[in-house]
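These notes concern the structure reproduced below.
In this note's numbering, the protein residues as written are 1 to 322.
Okay, here's the thing in structure tokens:
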């Protein structure tokens with residue numbers, strides 16, 4: 001991660017953890033939400049662990065797919081303690097969250113009393129299933145009953161799939177994009193894994209990272225010393241460079257194929273347009289020719305008629321003279 005972004009996050013965490021009096025004065029629950037979004041392997045889970053380690057908070061990892069009702073969610077939240085980070089990973093696919101408070105469902109099995117399971121027989125609806133509105137209510141209101149500070153973190157690989165109501169400011173106060181590995185992040189990884197702060201191969205790595213997208217997880221895998229190379233920085237960096245070159249070649253090949261396909265499609269399109277234009281010109285020429293021939297026939301007919309009139313007139317004149 002970029003050092004400036006990392007420092008910004010640390011400053012925000014410090015401000016939050018030292019703001020007990022501020023939240024008490026304004027009458028708001030002492031909580032803060034963070035949304036971590038980005039492709040898989042960009043360090044979202046690692047970021048959560050780093051936040052907990054930095055603040056010395058406990059982590060509660062909530063799996064929404066194991067919950068059936070809003071009551072189940074409420075019980076879990078009540079059991080959390082102060083100085084905790086509540087995590088819901090992959091929020092976009094953890095649950096089919098909708099704004100509906102009740103969904104048409106068959107009566108719950110193994111219950112003599114349907115009302116006990118939150119089922120309304122008259123309307124054929126289960127009244128207390130886990131819903132988006134239920135989750136939002138607990139984020140907004142339930143924590144106000146707790147005095148301890150709490151952080152909630154959502155992670156997602158697909159930001160565009162989330163309901164805007166779920167991630168608006170005030171719920172998810174800080175949106176953090178976890179992107180592909182840049183050179184600064186690489187240097188941090190190289191220092192952590194290889195204990196090197198500078199190396200002659202760093203220049204080649206920097207140049208390739210500008211051209212190729214690689215996640216921090218993949219970079220770390222390349223830098224992980226093998227049993228044979230131990231902490232041989234040369235070997236690990238060479239392996240990383242080879243991987244980056246392979247990806248660059250693959251991307252260039254893909255781009256070349258795409259360009260060729262586009263060229264073929266454009267050529268076919270131009271050929272089709274030329275064909276239509278040729279047919280159009282031929283059609284106009286044919287139509288013009290047919291009109292010309294029709295005019296010629298009409299003209300010839302007019303000449304024939306005029307000659308007949310002349311003969312007839314001459315005959316009449318002769319008869320009169322006789």
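Glycine included, each C-beta is placed from N, C-alpha and C at the ideal position.
Please classify residue 114 as buried or exposed, where buried requires at least 16 other C-beta atoms within 10 Å of its C-beta. Bear in mind that the predicted position of residue 114 carries a pLDDT of just 42, short of 50, making it unreliable; the figure below should be weighed with that in mind. Per the 10 Å Cβ criterion, exposed.
Only counting the same chain, and skipping five residues up and downstream in sequence, which positions put a Cβ closer than 7 Å to that of residue 100? Its pLDDT being 43, under 50, residue 100 is placed unreliably in this model, and the value from its coordinates should be taken loosely. Cβ within range, chain order: 131.
Using the DSSP secondary-structure output, state which residues sit across from residue 37 in a beta bridge. 156, 177, per the DSSP bridge assignment.
Can you find at least 3 beta carbon pairs, one from the segment 199-206 and one from the segment 52-64, that sit closer than 8 Å? Judged by Cβ distances under 8 Å, the segment 199-206 makes no contact with the segment 52-64, as fewer than three pairs qualify.
Out of curiosity, what's the CA-to-CA distance linking residue 322 and residue 286? At residue 322, the pLDDT of 39 sits below 50, so the modelled position is not reliable and the matter cannot be decided from this model.
Let's test the definition: count the other Cβ atoms within 10 Å of the Cβ of residue 246 and tell me whether it reaches 16, buried, or not, exposed. Exposure of residue 246 is indicated by the presence of fewer than 16 other C-beta atoms within 10 angstroms of its C-beta.
Over what stretch of residues does the alpha helix (DSSP H) that includes residue 84 continue unbroken? Per DSSP, residue 84 belongs to no alpha helix (DSSP H); it is in the beta strand (DSSP E), 84-88.
As assigned by DSSP and simplified to three states, the class of residue 122: Because residue 122 sits at a pLDDT of 48, beneath the cut-off of 50, its placement in the model cannot be relied upon, and the point is left open.
With distance defined between alpha-carbon atoms, name the residue in 56, 45, 74, 69 nearest to residue 87. Residue 45 is the option with its Cα nearest to residue 87.
Any idea what DSSP makes of residue 69, helix, strand or coil? Here residue 69 sits in strand by DSSP.
Does residue 10 come out as helix, strand or coil in the three-state DSSP assignment? Three-state DSSP puts residue 10 in a helix.
Which residues does DSSP pair with residue 26 in a beta bridge? DSSP lists no partner for residue 26.
Starting from residue 59, follow its DSSP beta bridges and name the residues at the other end. Per DSSP, 85.
With distance defined between alpha-carbon atoms, name the residue in 188, 25, 274 nearest to residue 3. When each option's Cα is compared against that of residue 3, the closest is 188.
Paired residues, beta bridge with residue 129 - DSSP: In the DSSP assignment, the residues bridged to residue 129 are 69.
For residue 80, count neighbouring Cβ atoms within 10 angstroms of its own Cβ and tell me buried if that reaches 16, exposed if not. Taking all protein chains in view, the Cβ of residue 80 is crowded by 16 or more other Cβ atoms within 10 Å, so the residue is classified as buried.
Return the Cβ separation of residue 43 and residue 174 in integer angstroms, given the expectation that the two are a contact with Cβ distance under 8 Å. Rounded to the nearest angstrom, the Cβ distance from residue 43 to residue 174 is 16 Å, too far for a contact under 8 Å.
Residues sharing a beta bridge with residue 31, DSSP: Residue 31 is bridged to 150.
What's the C-alpha gap between residue 186 and residue 277? Those two C-alpha atoms are separated by around 57 Å.
Which one of 20, 8, 292, 10 has the shortest CA to CA distance from residue 150? Nearest option by C-alpha distance: 20.
What residue from 139, 33, 65 has the CA that sits closest to residue 78's CA? Residue 139 holds the alpha-carbon nearest to the alpha-carbon of residue 78 among 139, 33, 65.
Taking a contact to mean a Cβ-Cβ separation below 8 Å, would you say residue 325 touches residue 85 in this structure? With the chain covering 1 to 322 only, the question about residue 325 has no answer from this structure.
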